[in-house]
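In what follows, a single structure is set out as structure tokens and then discussed.
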Amino acid sequence: MSYKQTYQWVVDKNNENLRNAKGIKEAALLINQNEIIAFPTETVYGLGGNAKNDEAIKKIFAAKGRPSDNPLIVHVATMEQAAQLVINQPEYGTKLMEVFWPGPLTLVFNGGKDVSPYVTAGLETIALRIPDHPVALALLEEANLPVAAPSANTSGKPSPTVAKHVKDDLYGCISGIIDGGDTGVGVESTVVDCTGDYPMILRPGGITKEQLEAVVGRVDVDEALSQQNVAPKSPGMKYTHYAPNADFILVENKEVIGELIHSKQQQGFRVGVLTTEEQKDKYKADVVICCGYRTDLATVAKRLYDSLRTFNEKEVDIIYSETFPKVGVGVAIMNRLEKAAGGIIIR
Ligand code: TXA
Ligand code: MG
């Protein structure tokens, strides 16, 4: 479906009376009419639709060009709403909800019978989260429905962290965009399977393994995250993602990046480098994009997707990127960078 116009509302997230803001009222009404709306969360922008309505969910898949076997996260405003969609909830799942919701943690439970089968891609499990963003919460409260929302990007591209990214990808393909400024965390929520004896991380994200362990003790990690030949338990993790148009190559040893740039330039290529504030002055690349401070990985998470998108406007042939330590949010950052590089790492 294509739209002649995509409504755009600017909403101030600090507004005390957000539920009455024009953008929230109109967007909530459109969601109730089974239209689809992009809105900010604390991680990335989401593309939301009525989780109970097949037509709304089909519109989401069509607008993104998303493979139909990749299920969506259902966003709710309260734990009670979540409980209605879940069959059996292990004790550790309840603990995780109580500590991390609202927040960048998605929990997968048995259930999902009460939402459109397109949401769960036919699985007998459902992924749920309460986002920690005043605009998202106001929209969910006002819509008064469970809202299925993948990231609001064209499938395969980096997730959107500002409204402009959404507009670049989806203008004319969706009903509206609520612009609530930049998102915050910058990488998506951590997805944790809660159907087994212990919680298992299916996708690293805004909440770290260490944070989860501090609350529930043992936390497993899907082995597909570290092994190439194992099928991931989260369908979305098998797809290529985030890749800029140019060849994107990770380089473990920062000290050799300078030589790699020089050698490609000698061959007539335009070379980009994805780097950090601490390192940026060391490179003579054609395009140098700095995504934050190596000493503060939260800044890197925040700027990562915007940096990857910016390379596409700069017409480079090849991009070399620094790597990051896989600790804390560094695990999510490296997961996304490795996907962007399609596994190409110079060690
Ligand atoms: O931060 C986020 O999670 C953002 C914001 C908008 O909330 N959403 C997001 O959605 O990243 P999406 O669709 O881009 O990623 C959802 C991930 C996919 O990897 C999908 O396969 C997985 O969650 N997922 C959804 N339902 C699942 C289920 N029942 N079992 C396993 N994985 C599931
Ligand atoms: Mg996504």
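First residue of the sequence shown? That's 3 in the numbering used here, and the numbers climb one at a time after it. We put the beta carbon where it would ideally sit given N, CA and C, even for glycine.
Got a sec? Which residues, its chain only, sit under 7 Å from R305 by beta carbon, not counting five neighbours each side?
-> Within the sequence shown, residue 305 is the residue found at index 303, counting from 1. Same-chain partners within the cutoff: G188, C293, G294.
Grab the span of the beta strand (DSSP E) containing S323 for me, first residue to last.
-> Counting from 1 along the sequence shown, the entry for residue 323 is found at position 321. Unbroken beta strand (DSSP E) run through S323: 320-324.
Beta carbon of E190 nearer than 8 Å to that of V46 | As a working mapping, residue 190 is identified with position 188 in the sequence shown. As a working mapping, residue 46 is identified with position 44 in the sequence shown. In contact: E190 and V46 (Cβ atoms closer than 8 Å).
With DSSP collapsed to three states, give me the class of H264.
-> In the sequence shown, counting from the first residue as 1, residue 264 sits at position 262. The answer is helix: DSSP assigns H264 an H, G or I state.
Take the Cβ of P327 as the centre, count every other Cβ of all protein chains shown within 10 Å, and call the residue buried at 16 or more, exposed below.
-> In the sequence shown, residue 327 corresponds to position 325, counting from 1. Result: exposed.
Cβ pair count under 8 Å reaching 3, the segment 212-224 against the segment 92-111 = yes
What number of angstroms, rounded off, separates the C-alpha of D308 from the C-alpha of V88?
-> Counting from 1 along the sequence shown, the entry for residue 308 is found at position 306. Counting from 1 along the sequence shown, the entry for residue 88 is found at position 86. Each residue's Cα considered, the two are about 35 Å apart.
Report the rounded CA-to-CA distance for T277 versus R296, giving the unit in angstroms.
-> Locating residue 277 in the sequence shown gives position 275, where the first residue counts as 1. Locating residue 296 in the sequence shown gives position 294, where the first residue counts as 1. Distance between the alpha carbons of T277 and R296: 9 Å.
Strand pairing of I259, partner residues [DSSP] = Counting from one through the sequence shown, the residue named residue 259 turns up at place 257. DSSP output for I259 lists no bridge partner at all.
Check the C-beta distance from V12 over to D181 and give it rounded, since I have them as a contact under 8 Å.
-> The residue given as residue 12 occupies position 10 in the sequence shown. The residue given as residue 181 occupies position 179 in the sequence shown. Sure, about 5 Å apart at Cβ, within 8 Å.
Taking Cβ to Cβ, would you say D71 is nearer than 8 Å to A123?
-> The count along the sequence shown starts at 1 and reaches residue 71 at position 69. The count along the sequence shown starts at 1 and reaches residue 123 at position 121. A contact, by the Cβ cut-off of 8 Å.
Would you call the segment 314-332 and the segment 198-212 in contact, with 3 or more CB pairs under 8 Å?
-> yes
Kindly examine the ligand TXA and report whether one of its heavy atoms sits closer than 7 Å to the Cβ of G67.
-> What you label residue 67 is simply residue 65 of the sequence shown in a count that begins at 1. G67 Cβ: outside cutoff for every heavy atom of the ligand TXA.
Could you spell out the range, first to last residue, of the alpha helix (DSSP H) harbouring A85?
-> As a working note, residue 85 is residue 83 in the sequence shown. Here the alpha helix (DSSP H) through A85 covers 81-85.
Using a threshold of 7 Å, is the CB atom of S236 nearer than that to any non-hydrogen atom of the ligand MG?
-> As a first step, residue 236 is located in the sequence shown; it is residue number 234 there, counting from the start. Checking every heavy atom of the ligand MG against the Cβ of S236, none is found closer than 7 Å.
T277 - DSSP class collapsed to helix/strand/coil = Position 275 of the sequence shown holds residue 277. Note: T277 maps to strand in three-state DSSP.
Rounded C-alpha distance that separates V164 from P42 | Along the sequence shown, read from residue 1 onward, the residue named residue 164 stands at position 162. Along the sequence shown, read from residue 1 onward, the residue named residue 42 stands at position 40. The alpha-carbon atoms of V164 and P42 are separated by roughly 8 Å.
For the alpha helix (DSSP H) that contains R311, what are its first and last residues?
-> Translated into positions along the sequence shown, residue 311 becomes position 309. 299-315 is the extent of the alpha helix (DSSP H) around R311.
Three or more beta-carbon pairs under 8 Å between the segment 153-171 and the segment 120-137, yes or no?
-> no
Where DSSP assigns a beta bridge to L130, which residues make up the other side?
-> Looking up residue 130 in the sequence shown gives position 128. Answer by DSSP bridge pairing, in chain order: V76, L109.
Which one of A79, A150, A287 has the shortest CA to CA distance from I38?
-> Position 36 of the sequence shown, counted from the start, is the residue given in the question as residue 38. Of the listed residues, the one whose Cα sits closest to I38 is A150.
Pairwise C-alpha distance: Y244 and A84 | Translated into positions along the sequence shown, residue 84 becomes position 82. Translated into positions along the sequence shown, residue 244 becomes position 242. Cα to Cα, A84 sits roughly 30 Å from Y244.
Residue ranges of each beta strand (DSSP E) run of no fewer than 3 residues wholly in the segment 158-239, ordered along the chain?
-> 178-181, 192-195, 202-205
Since I believe L147 is in contact with N34 (beta carbons under 8 Å), could you give me their beta-carbon distance rounded to a whole number of angstroms?
-> Start at 1 with the first residue of the sequence shown, and residue 34 comes out as number 32. Start at 1 with the first residue of the sequence shown, and residue 147 comes out as number 145. About 7 Å; that satisfies the 8 Å criterion.
Identify whether I348 lies in helix, strand or coil by the three-state DSSP scheme.
-> Position 346 of the sequence shown, counted from the start, is the residue given in the question as residue 348. Strand at I348.
Please report how far the alpha carbon of A30 lies from the alpha carbon of Y322, in whole angstroms.
-> On the sequence shown, residue 30 is found 28 positions in, with the first residue counted as 1. On the sequence shown, residue 322 is found 320 positions in, with the first residue counted as 1. Approximately 43 Å, taken between the alpha carbons.
So what does DSSP say about T14, is it helix, strand or coil?
-> Within the sequence shown, numbered from 1, the residue matching residue 14 stands at position 12. Note on identity: in this sequence residue 14 is Asp, with Thr being the wrong assignment. In this structure, D14 counts as coil in the three-state DSSP scheme.
Check each candidate in I179, L299, N314, F63 and name the one with the smallest Cα separation from G238.
-> Working through the sequence shown from its first residue, we reach residue 238 at position 236. Ranking I179, L299, N314, F63 by Cα distance to G238 puts F63 first.
Please go through the same chain and pick out, in chain order, the residues whose beta-carbon is closer than 6 Å to the beta-carbon of T325, but skip the five residues on each side of it.
-> In the sequence shown, counting from the first residue as 1, residue 325 sits at position 323. Once the five neighbours on either side are set aside, the close Cβ partners of T325 are L252, E254.
In terms of DSSP beta bridges, what is N52 paired with?
-> By one-based count along the sequence shown, residue 52 stands at place 50. Bridge partners of N52: V149.
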